[in-house]
């Protein structure tokens, strides 16, 4: 329509052209669709009288609308007289534009009817092993209930790989531990977890309530590959260094569940997130070891890439997770959260050692 209206100014120059352009700009801002529709009917019916009959209007009404349109455009659109009806070149141009406009308008109802309000699409989440958070679980459950058409894939890998996948735009978002931040990515703390050393029932330290940090110094160790001063578990590595816990390293892995497996199997003592293994402690499979105060704290982040073009489902899920974090007090995002009945080392009966 803009191009067509510009063409109507051909043949003008100087101040007259500027005046016409100003008039056209005003016309587009104050466009009366009824005038265009009336003009289209006049051309299609080949006359004002027949157009009035089709539109169920009086002939003077249709004639006045045509005059108003010509006045607004400053162009003669139809040559008419006794027994004469001819669409001018400008009128023919405008008619073709009107047909295009009304063709699009006539499809609006169909297009709007076909739009599905439900959010659909796929959300790909990549996360570090054994991320355990009621906050994340609640968001996932509520989001699925609200948007049942959305599908998910959750891949478990190392924290380093989580960051790389988000950076390379192959994941909607990541959940992981962080040491070095990648420029350009967005990091938001979801929760804080605390690590403690544990042993399994096959270990001679299991069930003892008289332990000190000195009892751990020569014990064989199992741990994460990132349990280093330059890794995401730096707080744990720092504690080992400060307390001189320097036993022989028997096993390492990038997977939390495999660290737990090796501890349960008696390969050695090792660090695990306290809230993740609460059930193991309560049911006598793992025994908490010193130090009992001020355990190492590690933050778990949601990592996103602002340069990634998210689909509706991805954008909605990330926003839902952000809103949940914002609505949850910080103290409730520190694990283990002090819930009534949470087991401590003194609440585990030494008799469980015999199970």
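In our numbering, the protein residues as written are 198 to 552. Think of the CB as a built atom: it goes at the ideal place given N, C-alpha and C, for glycine as much as any other residue.
For residue i, count neighbouring C-beta atoms within 10 Å of its own C-beta (all shown protein chains included) and say buried if the count is 16 or more, exposed if not.
| i | result |
| --- | --- |
| residue 328 | buried |
| residue 390 | buried |
| residue 240 | buried |
| residue 197 | No answer is possible for residue 197: it lies beyond the span of the chain, which begins at 198 and ends at 552. |
| residue 198 | A caution first: residue 198 carries a pLDDT of 49, below 50, which makes its placement in the model unreliable, though a value can still be read off. Burial call: exposed. |
| residue 297 | exposed |
| residue 490 | exposed |
| residue 377 | exposed |
| residue 468 | buried |
| residue 287 | buried |
| residue 379 | exposed |
| residue 325 | buried |
| residue 445 | exposed |
| residue 546 | Model confidence at residue 546 stands at a pLDDT of 42, short of 50, so the residue's coordinates are unreliable; what they give is reported in the following sentence. Residue 546 comes out exposed. |
| residue 315 | exposed |
| residue 401 | exposed |
| residue 276 | exposed |
| residue 253 | exposed |
| residue 348 | exposed |
| residue 360 | buried |
| residue 248 | buried |
| residue 411 | exposed |
Hey, residue i and residue j: beta-carbon distance below 8 Å or not?
| i | j | result |
| --- | --- | --- |
| residue 526 | residue 465 | no |
| residue 322 | residue 372 | yes |
| residue 487 | residue 408 | yes |
| residue 382 | residue 502 | yes |
| residue 346 | residue 317 | yes |
| residue 232 | residue 268 | no |
| residue 242 | residue 251 | yes |
| residue 285 | residue 274 | yes |
| residue 336 | residue 524 | no |
| residue 456 | residue 421 | yes |
| residue 385 | residue 497 | no |
| residue 441 | residue 414 | yes |
| residue 237 | residue 292 | yes |
| residue 429 | residue 447 | no |
Could you tell me the distance, in whole angstroms, from the CA atom of residue i to the CA atom of residue j?
| i | j | result |
| --- | --- | --- |
| residue 434 | residue 355 | 17 Å |
| residue 334 | residue 519 | 13 Å |
| residue 208 | residue 290 | Residue placement at residue 208 cannot be trusted, given a pLDDT of 48 that sits under 50; what the coordinates show is reported in the next sentence. If you take the alpha carbons of residue 208 and residue 290, they lie about 15 Å apart. |
| residue 437 | residue 449 | 15 Å |
| residue 256 | residue 506 | 55 Å |
| residue 357 | residue 453 | 15 Å |
| residue 472 | residue 341 | 25 Å |
| residue 404 | residue 528 | 31 Å |
| residue 533 | residue 320 | 29 Å |
| residue 423 | residue 484 | 23 Å |
| residue 398 | residue 482 | 6 Å |
| residue 266 | residue 499 | 59 Å |
| residue 495 | residue 331 | 17 Å |
| residue 295 | residue 230 | 9 Å |
| residue 228 | residue 367 | 47 Å |
| residue 343 | residue 351 | 19 Å |
| residue 504 | residue 226 | 36 Å |
| residue 392 | residue 531 | 12 Å |
| residue 302 | residue 353 | 49 Å |
| residue 463 | residue 451 | 18 Å |
| residue 259 | residue 272 | 17 Å |
| residue 432 | residue 470 | 12 Å |
| residue 406 | residue 511 | 49 Å |
I want to check one thing, is the minimum distance from the CB of residue i to the heavy atoms of the ligand ATP below 7 Å?
| i | result |
| --- | --- |
| residue 282 | With respect to the ligand ATP, the structure shown offers nothing to examine, as it has no ligands at all. |
Considering only the alpha carbon of each residue, which of the options lies closest to residue i?
| i | options | result |
| --- | --- | --- |
| residue 459 | 315, 532 and 394 | 394 |
| residue 339 | 523, 455 and 513 | 513 |
| residue 244 | 279, 443 and 425 | 279 |
| residue 425 | 443, 413 and 499 | 443 |
| residue 282 | 315, 246 and 272 | 246 |
| residue 477 | 431, 428, 412 and 396 | 396 |
TODO: Let me know the alpha helix (DSSP H) ranges lying completely inside the region 354-408, each 4 residues or longer, listed in chain order.
DONE: 356-364
Task: Completely contained beta strand (DSSP E) runs for the region 240-316, where each covers 3 or more residues - done: 275-278 and 281-284
- [ ] Starting from the N-terminal side, write out each stretch of the beta strand (DSSP E) that is 3 residues or longer and does not extend beyond the region 436-491.
- [x] 446-450, 467-470 and 483-485
Task: Completely contained beta strand (DSSP E) runs for the region 492-541, where each covers 3 or more residues - done: 494-501
Task: Minimum length 4: unbroken alpha helix (DSSP H) runs contained in the region 321-358 - done: 331-343
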